[in-house]
Amino acid sequence: MIPESVKIVEVGPRDGLQNESRVLPVPERIRLVQGLTGAGLKQIEAGSFVRPDLLPQVSDTDQVLSGLNLDAEVGYPVLVPNMRGLESALSAGAREIAVFAAASETFSQKNINCSISESIRRFSEVAKTAIDQGLKVRGYISCVLGCPYAGAISPEKVLYVAGALEDIGCYEISLGDTIGIGTPIATRVLIDTITPHIPVGRLAVHFHDTYGQALANILVALQAGISVVDSSVAGLGGCPYAPGASGNVATEDVVYMLDGMSIHHGIDLGRLIAIGRSICSLLDRPVMSKVNRATPIDFEV
C-alpha cells in the first residue's frame with residue numbers, strides 16, 4: 056500500500072523560521088522560497104499572517120508573496136489565525152491558506168488563547184470566507200501524539216478535531232507531532248483510528264524529530280497509504296508554544312529515504328542540500344539534517 060509518489064510540503068519558510076532567534080529580512084526569505092521552488096518543491100509555506108509582535112520571524116509575509124510568482128504551478132500557502140489574518144492574506148494575493156487547531160485543550164489555550172471548540176468555530180468562518188473567495192484551505196492539528204502540558208492525547212480526540220476540520224472544508228488535514236514524542240506503534244494506532252472515518256488521501260503527516268523518531272513514523276504513515284509529508288529544509292523549526300520541541304524532520308532526510316524506496320518526489324537533493332547549508336549559515340546555526348551533514352557536495356544555489 057506504499058504510494059508510488061509522495062508530495063512533500065516544505066514548511067521551512069514558515070514553521071522552520073518562526074522559532075529562530077534571528078529575523079531574516081524579506082529578500083532572504085524570498086530567496087529561500089525561490090531556491091526551494093528551483094529544487095523542485097511544489098508546495099511551500101511562504102509565511103504567516105499572525106501578529107508581527109508575536110512572531111516577527113514570519114512578519115511581512117505580504118512582501119514575501121509580492122516577490123513570488125503566484126501564477127506558477129507551485130502552491131504557496133500561508134498560515135491564517137483569524138478573519139483579520141485572512142483579510143491580509145487576500146489583500147496579498149494568497150491562493151491558499153492553512154488553519155490550525157490542536158488536539159490538546161491546554162495547548163489550544165496556550166497557542167491561540169481559546170478552547171478547541173472555539174477554535175473550530177473561529178476557523179469555520181475563516182474557511183467559509185476563504186473558500187467563497189476561491190482559496191484552498193488546509194488544516195493542521197497540533198499535538199496529535201502528545202502535548203507538552205497535558206501529556207498523552209487520545210487518538211479519538213484527534214479524530215474529533217480532524218472531522219471538524221474536514222467539515223469546515225479543509226481539503227487536507229496534516230497530523231502534527233508538535234513535540235516529536237511519537238513512536239511508530241503510536242503513529243499506526245492514530246492513523247488506524249482516523250482512516251475509517253477520513254480518507255487516507257486527505258491526510259498528511261507533520262513530524263518533529265525531537266526524539267529521533269520522525270523518519271520511522273513517516274515510514275509507518277507511508278505503509279498506511281499516506282502520500283503527503285511535511286518537512287523543513289535542514290531540519291529548521293520548533294514551536295514557540297511547545298517547550299523542548301526540536302525542529303521538523305529535515306526535507307533532505309525525507310528525500311534520501313524516499314530515493315532509497317524508489318518513491319517519486321521530483322526534488323533535486325543536491326540543490327536542497329545547498330539551500331540547507333546556505334540558510335543555516337545566514338541563521339548562524341548548525342544544519343540538523345543528517346543527510347546534509349554526511350554529504351560531501353559543493354553546489355551553489
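Residue numbers (our numbering): 56 to 356. Note that the Cβ used here is the ideal one computed from N, Cα and C, for glycine as well. None of these values were measured; they are calculated from a predicted model.
Taking DSSP as the reference, what is the three-state secondary structure of residue i?
{"i": "Asp285", "result": "strand"}
{"i": "Ser229", "result": "strand"}
{"i": "Cys169", "result": "coil"}
{"i": "Glu307", "result": "helix"}
{"i": "Ser103", "result": "strand"}
{"i": "Val78", "result": "coil"}
{"i": "Cys198", "result": "coil"}
{"i": "Lys97", "result": "coil"}
{"i": "Val64", "result": "strand"}
{"i": "Ile152", "result": "strand"}
{"i": "Gly130", "result": "strand"}
{"i": "Val135", "result": "coil"}
{"i": "Val356", "result": "Because the pLDDT of Val356 is 47, which lies under 50, any placement of that residue in the model is unreliable, and the number read from its coordinates should be weighed accordingly. Residue state, collapsed to three classes: coil."}
{"i": "Leu125", "result": "coil"}
{"i": "Leu110", "result": "coil"}
{"i": "Leu258", "result": "strand"}
{"i": "Ala185", "result": "helix"}
Kindly give me the distance between the Cβ atoms of residue i and residue j, rounded to whole angstroms, as I take these residues to be in contact under 8 Å.
{"i": "Val66", "j": "Leu313", "result": "The pair is not a contact, with the Cβ atoms about 17 Å apart (cut-off 8 Å)."}
{"i": "Ser159", "j": "Cys202", "result": "4 Å"}
{"i": "Asp232", "j": "His261", "result": "7 Å"}
{"i": "Gly102", "j": "Pro136", "result": "With 8 Å as the limit, Gly102 and Pro136 do not qualify as a contact, their Cβ atoms being about 13 Å apart."}
{"i": "Ala289", "j": "Val342", "result": "5 Å"}
{"i": "His140", "j": "Asn303", "result": "Here residue 140 turns out to be Gly, not His, going by the sequence shown. The pair is not a contact, with the Cβ atoms about 22 Å apart (cut-off 8 Å)."}
{"i": "Ile358", "j": "Gly218", "result": "What the structure shows of the chain is the stretch from 56 to 356, and residue 358 is not part of that stretch, so it cannot be assessed."}
Using only the heavy atoms of the ligand MG, determine whether one of them is closer than 7 Å to the beta carbon of residue i.
{"i": "Gly280", "result": "Ligands in the displayed structure: none, and consequently the ligand MG is not present."}
Determine the direct distance from the alpha carbon of residue j to that of residue i, and round the result to whole angstroms.
{"i": "Asp323", "j": "Val216", "result": "35 Å"}
{"i": "Ser209", "j": "Pro351", "result": "43 Å"}
{"i": "Ile143", "j": "Val113", "result": "One detail in the question is off: residue 143 reads as Ser in this sequence, not Ile. Approximately 14 Å between the Cα atoms of the pair."}
{"i": "Gln73", "j": "Val105", "result": "11 Å"}
{"i": "Lys191", "j": "Pro80", "result": "28 Å"}
{"i": "Ser174", "j": "Ala349", "result": "42 Å"}
{"i": "Ala156", "j": "Gly315", "result": "34 Å"}
{"i": "Ile334", "j": "Ala147", "result": "25 Å"}
{"i": "Gly90", "j": "Ser287", "result": "13 Å"}
{"i": "Leu214", "j": "Cys169", "result": "19 Å"}
{"i": "Gly235", "j": "Ala279", "result": "19 Å"}
{"i": "Thr242", "j": "Gln164", "result": "25 Å"}
{"i": "Ala329", "j": "Arg150", "result": "28 Å"}
In chain order, which continuous runs of the alpha helix (DSSP H) of length 4 or greater are located wholly inside the stretch 205 to 249? When DSSP assignments are scanned along the stretch 205 to 249, the uninterrupted stretches of alpha helix (DSSP H) that are 4 or more residues long and fall wholly within it turn out to be 210 to 222 and 239 to 249.
Meets three-Cβ-pair contact criterion under 8 Å: the stretch 267 to 284 and the stretch 75 to 89: Inter-segment contact for the stretch 267 to 284 and the stretch 75 to 89 is absent: fewer than three beta-carbon pairs are separated by less than 8 Å.
Which complete alpha helix (DSSP H) runs does the stretch 306 to 347 hold, if anything under 4 residues is left out? Restricted to the stretch 306 to 347, the alpha helix (DSSP H) segments that are unbroken, complete and at least 4 residues in length are 306 to 315 and 324 to 338, listed in chain order.
Using 8 Å as the Cβ pair cut-off and three pairs as the minimum, do the stretch 176 to 186 and the stretch 121 to 129 touch? As far as the Cβ criterion goes, the stretch 176 to 186 does not touch the stretch 121 to 129, which means the pair count is below three.
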